[in-house]
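Trainee: Numbering (the numbering used here), first residue to last: 241 to 453. Glycine included, every Cβ here is placed at the ideal spot set by N, Cα and C. On a predicted model such as this, the values are computed, not experimentally measured, just so you know.
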Ligand SMILES: N[C@@H](CCC(=O)N[C@@H](CS)C(=O)NCC(=O)O)C(=O)O
């Protein structure tokens, strides 16, 4: 059986669970030994990254590396298009999520605690996120080839990050509006049964955490 090191609230662990659900894989989830960010966990996973996958003796950290591995090991249903160009565009979307959009959201995490709020950073981050959402909207609206008739590796992270954005917006008073193309993309994602399933579990946990921070 596959094992993943994960914590329930981790955005990238939820991203991975969407793939595991879609592939109908059986997995068990373990918390990082020693806790999140611990040196004990780093003796097992040198980068300290969550999630990490254990498949027998093989250890892989990083949601994207894990996703590519599992998609090759369990090719059905496929999560990368058959066509070369569409595969490249799918990866482009995935990298944009992991390296551009989500890191801007993550910069807000230290300010969720009411005692640590910093209005000026929250406002500048709102602007940075709005900018990334507009770039995403431009990518979605461009006439470049896109794969939107299947759930892909490129979609999983967005489903979770959009949920974070929607839920964090009232908590921090973020001045962010999703552009129309992003709203449509988000709606398309949430119509997908496995995304719906993951968010059904994830959203209440996130809501509870956001209230108690
Ligand atoms: N690019 C990484 C990002 C994962 C990430 O940021 N994970 C957070 C938890 S959501 C984490 O591991 N933080 C602890 C650390 O990096 O030491 C991935 O896709 O797995």
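To test your reading of the DSSP string, which unbroken alpha helix (DSSP H) runs of 4 or more residues are found completely within the segment 306-376?
Mentor: List check, alpha helix (DSSP H) in window: 324-336, 342-346.
Trainee: Under 8 Å between the Cβ atoms of residue 300 and residue 293?
Mentor: Taking the first residue of the chain shown as 1, we reach residue 300 at position 60. Taking the first residue of the chain shown as 1, we reach residue 293 at position 53. Yes; because the gap between Cβ atoms is below 8 Å, this pair is in contact.
Trainee: Relative to ligand 1, is the shortest distance from any of its heavy atoms to the C-beta of residue 450 smaller than 7 Å?
Mentor: As a working note, residue 450 is residue 210 in the chain shown. Residue 450: no, Cβ never under 7 Å from ligand 1.
Trainee: Could you pull the DSSP bridge partners for residue 295 from this structure?
Mentor: One-based indexing of the chain shown puts residue 295 at position 55. According to DSSP, which records beta bridges pairwise, residue 295 is partnered with 298.
Trainee: Would you mind giving the Cβ-Cβ distance between residue 445 and residue 249, rounded to the nearest angstrom? I have them listed as a contact below 8 Å.
Mentor: Stepping through the chain shown from its first residue, residue 445 is reached at position 205. Stepping through the chain shown from its first residue, residue 249 is reached at position 9. So it is a contact: roughly 6 Å between Cβ atoms.
Trainee: Applying the criterion that 16 or more other CB atoms from any shown protein chain within 10 Å of the CB defines a buried residue, is residue 270 buried or exposed?
Mentor: As a first step, residue 270 is located in the chain shown; it is residue number 30 there, counting from the start. Exposed.
Trainee: Here's the rule I'm using: 16 or more other beta-carbon atoms within 10 Å means buried, otherwise exposed. How should residue 337 be labelled?
Mentor: Residue numbering aside, residue 337 sits at position 97 when the chain shown is read from its first letter. Answer is buried; the Cβ neighbour count reaches 16.
Trainee: Indicate whether residue 406 and residue 366 have their beta-carbon atoms separated by less than 8 Å.
Mentor: Here residue 406 corresponds to residue number 166 of the chain shown, with the count starting at 1. Here residue 366 corresponds to residue number 126 of the chain shown, with the count starting at 1. Against a cut-off of 8 Å, the Cβ pair of residue 366 and residue 406 comes out as no contact.
Trainee: Mind checking whether the beta-carbon of residue 289 lies closer than 7 Å to any heavy atom of ligand 1?
Mentor: Taking the first residue of the chain shown as position 1, residue 289 is located at position 49. Flag set: Cβ of residue 289 near ligand 1.
Trainee: Taking residue 263 as the reference, which of 314, 352, 394 has the closest Cα?
Mentor: If you number the chain shown from 1, residue 263 lands on position 23. Checking every option, the nearest Cα to that of residue 263 belongs to 314.
Trainee: Is residue 442 near ligand 1, in the sense that its beta carbon is under 7 Å from a heavy atom of that ligand?
Mentor: Taking the chain shown and counting its residues from 1, the one referred to as residue 442 is at position 202. No, the beta carbon of residue 442 sits no closer than 7 Å to any heavy atom of ligand 1.
Trainee: What are the start and end residues of the beta strand (DSSP E) that includes residue 269?
Mentor: Counting from 1 along the chain shown, the entry for residue 269 is found at position 29. Run containing residue 269: 267-270, per the beta strand (DSSP E) assignment.
Trainee: Could you name the residues that DSSP lists as bridge partners for residue 430?
Mentor: The sequence position of residue 430 within the chain shown is 190, counting from 1. Answer by DSSP bridge pairing: none, since residue 430 is not bridged.
Trainee: On the three-state DSSP scale, how would you describe residue 435?
Mentor: Position 195 of the chain shown holds residue 435. Residue 435 falls in the helix class under three-state DSSP.
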